[in-house]
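Asks: Note that the protein sequences, when read in sequence, are chains A and B.
Just remember that the numbering used here sits 1 ahead of the position in the first sequence, which is counted from 1.
Just remember that the numbering used here sits 1 ahead of the position in the second sequence, which is counted from 1.
Where a beta carbon is used, it is the ideal one built from N, C-alpha and C, also for glycine.
Predicted model only: the values in this text are computed from it and were never measured.
Before I ask anything, here is the structure I am working with.
There are 2 protein chains.
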Amino acid sequence: MPKYYLEDFSTDWTAEYGPRRVTREEIISFAAQFDPQPMHLDEEAARHTMLGGLGASGWHTCCIMMKMIADGLLLDTASMGAPGIDEVKWLKPIRPGDSLTVRGSVTAVRASQSKPDRGFVTFLWEVFNDRGEKAMTLLCPQMVQRRRPGAAA
Amino acid sequence: MPKYYLEDFSTDWTAEYGPRRVTREEIISFAAQFDPQPMHLDEEAARHTMLGGLGASGWHTCCIMMKMIADGLLLDTASMGAPGIDEVKWLKPIRPGDSLTVRGSVTAVRASQSKPDRGFVTFLWEVFNDRGEKAMTLLCPQMVQRRRPGAAA
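This is the structure we're talking about:
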């Protein structure tokens, strides 16, 4: 049974998940499978790219973050999925050995305009490395059930 | 050596990659690693979710698309990476056995405002299933080197 419903989120909500260490092996393995660009795949080739050395695919960072959020929040939430992503910014490369922390906040909560049993929570997720640098931000609306269905907005 | 530089892209540019079949096994394996929500992980549990049956994580669709674009275009392009993603829309679930086709178009090309050796190509990527349904769209600015450095914009 879910612990968290739409009513449990407000613009005062914050959370933090992690740290989660990222290894060289998983950076290369993910890249080989999904994003085989030299800067994500090979240390020597990466030196000659704009990353200046091996760095995780931005998609890999998204996926690692997703797992941290699922374990930390969504598996306990009456979540009905997300219709998409509003914005992703890749600000710093994720290097082998970096430990990632995810900080969550809520920028908006609104009832569905058509369905009284649900609403949308817009989360801002910020990923930090262990040097305190903000490495990624992601803005994502999440559809969440109401604990008690109310009027549509 | 790259085949494609900034000068090779315009709003007339289009491309198509695929088909790429998605298996039940990889949907579940990806979900276990990165997005362990019941609707992506377990057929019986998925029946009771809003997907009404097993469907790939939206992140998985992004990653499969990324691989298709890398193989089809980016590994032959003087790409300098992407600063982020402008928008993702997940429109239809990806089901086990679906074959995905990616269609690419360009919505904007502009020179960098500060660096004369590069510019930005904004790609619209649309993912279709083999029933002709548009399953995902993604708008993404890609930084690309110029073949011949020019004036900044």
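So, under 8 Å CB-CB, residue 117 of chain B and residue 150 of chain B are touching, yes? Tell me the CB distance rounded to an integer number of Å.
Replies: Here residue 117 of chain B corresponds to residue number 116 of the second sequence, with the count starting at 1. Here residue 150 of chain B corresponds to residue number 149 of the second sequence, with the count starting at 1. At roughly 5 Å, the Cβ-Cβ gap stays under 8 Å, so residue 117 of chain B and residue 150 of chain B are in contact.
Asks: Which word fits residue 80 of chain A, buried or exposed, when buried means at least 16 other C-beta atoms lie within 10 angstroms of its C-beta?
Replies: Position 79 of the first sequence, counted from the start, is the residue given in the question as residue 80 of chain A. With 16 or more Cβ atoms within 10 Å of its Cβ, residue 80 of chain A is classed as buried.
Asks: Where do the ends of the alpha helix (DSSP H) carrying residue 60 of chain A lie?
Replies: Here the question's residue 60 of chain A lines up with position 59 in the first sequence. Residues 59-73.
Asks: Would you call residue 49 of chain B buried or exposed, if buried means 16 or more other Cβ atoms sit within 10 Å of its Cβ?
Replies: If you number the second sequence from 1, residue 49 of chain B lands on position 48. Per the 10 Å Cβ criterion, exposed.
Asks: Just to confirm my understanding: we take residue 99 of chain B, look at its own chain, exclude 5 residues before and 5 after, and list those with CB closer than 7 Å. What are they?
Replies: Within the second sequence, numbered from 1, the residue matching residue 99 of chain B stands at position 98. So the list reads 23, 130 and 131, once near-sequence residues are dropped.
Asks: In terms of DSSP beta bridges, what is residue 112 of chain A paired with?
Replies: For this step, residue 112 of chain A is matched to residue 111 along the first sequence. A:120.
Asks: Taking only beta carbons into account, state which residues of the stretch 86-115 of chain B come closer than 8 Å to chain A, listed in chain order.
Replies: Closer than 8 Å at the C-beta level to chain A, one finds these residues of the stretch 86-115 of chain B: 86, 87, 88, 89, 90 and 91.
Asks: Counting Cβ pairs closer than 8 Å, one from the stretch 60-67 of chain A and one from the stretch 18-35 of chain A, do we hit at least three?
Replies: yes
Asks: Looking at C-alpha atoms only, which residue of B:144, B:82, B:68 and B:54 is the closest neighbour of residue 122 of chain B?
Replies: Here the question's residue 122 of chain B lines up with position 121 in the second sequence. Among B:144, B:82, B:68 and B:54, the Cα nearest to that of residue 122 of chain B is on B:144.
Asks: Using a Cβ-Cβ cut-off of less than 8 Å, list which residues of the stretch 8-35 of chain A approach chain B; keep chain order.
Replies: 34 and 35
Asks: In angstroms, rounded to a whole number, what distance separates the CA positions of residue 72 of chain B and residue 110 of chain B?
Replies: Position 71 of the second sequence holds residue 72 of chain B. Position 109 of the second sequence holds residue 110 of chain B. Taking the straight line from one Cα to the other gives about 22 Å.
Asks: Between the beta-carbon of residue 40 of chain A and the beta-carbon of residue 56 of chain A, is there less than 8 Å?
Replies: Sequence index remark: in the first sequence, residue 40 of chain A carries index 39 (1-based). Sequence index remark: in the first sequence, residue 56 of chain A carries index 55 (1-based). The Cβ-Cβ distance between residue 40 of chain A and residue 56 of chain A falls below 8 Å.
Asks: Which partner residues does residue 105 of chain B have in the DSSP bridge list?
Replies: The count along the second sequence starts at 1 and reaches residue 105 of chain B at position 104. According to DSSP, residue 105 of chain B bridges with B:16 and B:126.
Asks: For residue 92 of chain B, count neighbouring Cβ atoms within 10 angstroms of its own Cβ and tell me buried if that reaches 16, exposed if not.
Replies: Your numbering for residue 92 of chain B matches position 91 in the second sequence. Residue 92 of chain B is exposed by the Cβ-count criterion.
Asks: With a threshold of 8 Å between beta carbons, is residue 38 of chain B in contact with chain A?
Replies: Looking up residue 38 of chain B in the second sequence gives position 37. Yes - at least one Cβ of chain A is within 8 Å of the one on residue 38 of chain B.
Asks: Just how far apart, CA to CA, sit residue 51 of chain A and residue 74 of chain B?
Replies: Translated into the one-based positions of the first sequence, residue 51 of chain A becomes position 50. Translated into the one-based positions of the second sequence, residue 74 of chain B becomes position 73. About 19 Å.
Asks: Starting from the Cα of residue 26 of chain B, find the closest Cα among B:19, B:18 and B:42 and give me that residue.
Replies: Mapped onto the second sequence, residue 26 of chain B falls at position 25. The shortest Cα separation from residue 26 of chain B among B:19, B:18 and B:42 belongs to B:42.
Asks: Suppose contacts are defined by Cβ-Cβ distances below 8 Å. Is residue 16 of chain A in contact with residue 82 of chain A by that definition?
Replies: Here residue 16 of chain A refers to the residue found at position 15 when the first sequence is read from its first residue. Here residue 82 of chain A refers to the residue found at position 81 when the first sequence is read from its first residue. No, the pair does not count as a contact, with Cβ atoms beyond the cut-off.
Asks: On a Cα-Cα basis, can you pick out the residue from A:4, A:77, A:10 and A:114 that is closest to residue 107 of chain A?
Replies: As a working mapping, residue 107 of chain A is identified with position 106 in the first sequence. Of A:4, A:77, A:10 and A:114, the residue nearest in Cα terms is A:10.
Asks: Which value, in whole angstroms, describes the spacing of the CA atoms of residue 138 of chain A and residue 44 of chain B?
Replies: Sequence index remark: in the first sequence, residue 138 of chain A carries index 137 (1-based). Sequence index remark: in the second sequence, residue 44 of chain B carries index 43 (1-based). Roughly 32 Å separates the two Cα atoms.
Asks: Mark residue 47 of chain B as exposed unless 16 or more other C-beta atoms lie within 10 angstroms of its C-beta, in which case mark it buried.
Replies: As a first step, residue 47 of chain B is located in the second sequence; it is residue number 46 there, counting from the start. Label assigned to residue 47 of chain B: buried.
Asks: Looking at the unbroken beta strand (DSSP E) that takes in residue 146 of chain A, where does it start and where does it end?
Replies: Your numbering for residue 146 of chain A matches position 145 in the first sequence. Counting along the chain, the beta strand (DSSP E) containing residue 146 of chain A begins and ends at 135-146.
Asks: Can you list, in chain order, the residues of its chain whose CB lies under 7 Å from that of residue 147 of chain A, leaving out five sequence neighbours each side?
Replies: Within the first sequence, the letter at position 146 stands for residue 147 of chain A. Contacts found: 6, 7, 8, 118, 119 and 120.
Asks: Quick one: does residue 60 of chain B have its CB under 8 Å from some CB of chain A?
Replies: Taking the first residue of the second sequence as 1, we reach residue 60 of chain B at position 59. Yes, because at least one Cβ of chain A sits closer than 8 Å to the Cβ of residue 60 of chain B.
Asks: Taking Cβ-Cβ distances below 8 Å as the criterion, which residues of the stretch 53-85 of chain A are in contact with chain B?
Replies: 58, 59, 60, 63, 64, 65, 67, 68, 71, 72, 75, 76, 80, 81, 82, 83, 84 and 85
Asks: Quick one: what does DSSP say residue 95 of chain A is sitting in, helix, strand or coil?
Replies: Taking the first residue of the first sequence as 1, we reach residue 95 of chain A at position 94. Of the three classes helix, strand and coil, the one that applies to residue 95 of chain A here is coil, per DSSP.
Asks: Compare the beta carbon distance of residue 136 of chain A and residue 95 of chain A with 8 Å and say whether it is the shorter of the two.
Replies: Locating residue 136 of chain A in the first sequence gives position 135, where the first residue counts as 1. Locating residue 95 of chain A in the first sequence gives position 94, where the first residue counts as 1. Yes.
Asks: Identify the contact partners of residue 51 of chain A in chain B, using a Cβ-Cβ distance below 9 Å as the criterion.
Replies: Against the first sequence, residue 51 of chain A aligns to sequence position 50. The answer, in chain order, is 81, 82 and 144.
Asks: Who are the Cβ neighbours of residue 69 of chain B in its own chain at under 7 Å, not counting the five residues just before and after it?
Replies: Numbered from its first residue, the second sequence carries residue 69 of chain B at position 68. Within the same chain, residue 69 of chain B has close Cβ partners 18, 19, 21 and 103.
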